[in-house]
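Comments concern the structure below.
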Amino acid sequence: MTQSHPSLPQPQLEKAGITFEQYLEFTPEKLELSNGYLGYGGQDQLGFHLAVLTNMGLLSAIRHTGLSLWLEALDRRVREKLATVNADPEVAQALLNRFDRAMADLTAVVEYLEE
């Protein structure tokens, strides 16, 4: 019989709980600080990070960091995804152009708000 692993926590806009099984699976038994990073002995930290974000909620997380950092993260991730789009070059370029315009607009709004 194989032991099933709980699904990764799924952060939402508002804070939410995780299951006890997720806690057991993804919380390090011993939380250490190593080279400035929280964790334990090279253990994969994805589940732990997602659990923290789930408990915190993305709206709370964004309130405690600069909006420009979230835009930078969004920009990088969407560009990664666009680089792998399986579409005609004209379609891929049109998507990139739309994204560039949207990011320029968002950046202008965020710069105004952060003044």
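Numbering-wise (the working numbering), the sequence shown opens with residue 3 and increments by one. All C-beta atoms, glycine included, are put in the ideal place defined by N, C-alpha and C.
The C-beta distance from E116 to L61 rounds to 17 Å, too long to fall under 8 Å, and the pair is not in contact.
Out of V111, L97, D90 and S70, the CA that lies nearest to the CA of E82 is found in L97. For secondary structure counted as the beta strand (DSSP E) over 3 or more consecutive residues, the stretch 23–89 holds these complete runs in sequence order: 34–36 and 39–41. Membership of L97 in the alpha helix (DSSP H) is indicated by the continuous run P91 to L115.
Its chain contains E27 as the residues whose beta carbon lies nearer than 7 Å to that of H7, once the 5 sequence neighbours on both sides are disregarded; these appear in chain order. Just measuring C-alpha positions, the residue of E74, N88 and D90 sitting nearest A104 is E74. P91 places its beta carbon 8 Å or farther from that of L52. Separation of S36 and N57 (C-alpha to C-alpha, rounded to the nearest whole angstrom) is 23 Å.
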